[in-house]
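Residue numbers (our numbering): 3 to 146.
Here it is, written out as structure tokens:
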């Protein structure tokens, strides 16, 4: 059984970013995800500049486009237009963006286990997860 300070279940943006922060602070971190990586994700390709500024590394290598205008309408009636002199969001393909975040988590020291479906959680005392042929325990369990 693997023993860690934290286990992060879910390797998307929240999980990978959390794992990177913990590992960079010296924690032994395991990231577990049910998908094999890299994986295609068909949603959520907009990264607000406020969120991008929180990352300690550039994402230029995975940016597809920038957004400086948004138009919203309801029932055919223009309801809202937002324009900016510069971009306020950047568009990414989630498979490439998520992989970039996960690579940074691994560089910080997080361990990764993909294709692993957590079948059982035991939260008595230390957190323990069980998957087919695999067990791990930690002081903290983060479901992302």
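In this text, a Cβ means the ideal position worked out from N, Cα and C, and glycines have one as well.
Only a predicted model underlies this, so the values are computations on that prediction, with no experimental measurement involved.
Using a 10 angstroms sphere on the CB of residue 124, the tally of other CB atoms stays under 16, which defines it as exposed.
Here residue 57 carries a coil assignment [DSSP, helix/strand/coil]. By the neighbour-count criterion, in which a residue is buried when 16 or more other Cβ atoms sit within 10 angstroms of its Cβ, residue 119 is exposed. If only complete runs of 4 or more residues are kept, the stretch 45 to 118 shows the alpha helix (DSSP H) at 51 to 56, 96 to 109, in order along the chain. Distance from the Cα of residue 40 is smallest, within the candidate group 100, 10, 32, 60, for 100. Contact annotation, residue 107 with residue 22: C-beta distance approximately 4 Å; criterion of less than 8 Å satisfied. Here residue 35 is buried. Its C-beta has 16 or more other C-beta atoms within 10 Å.
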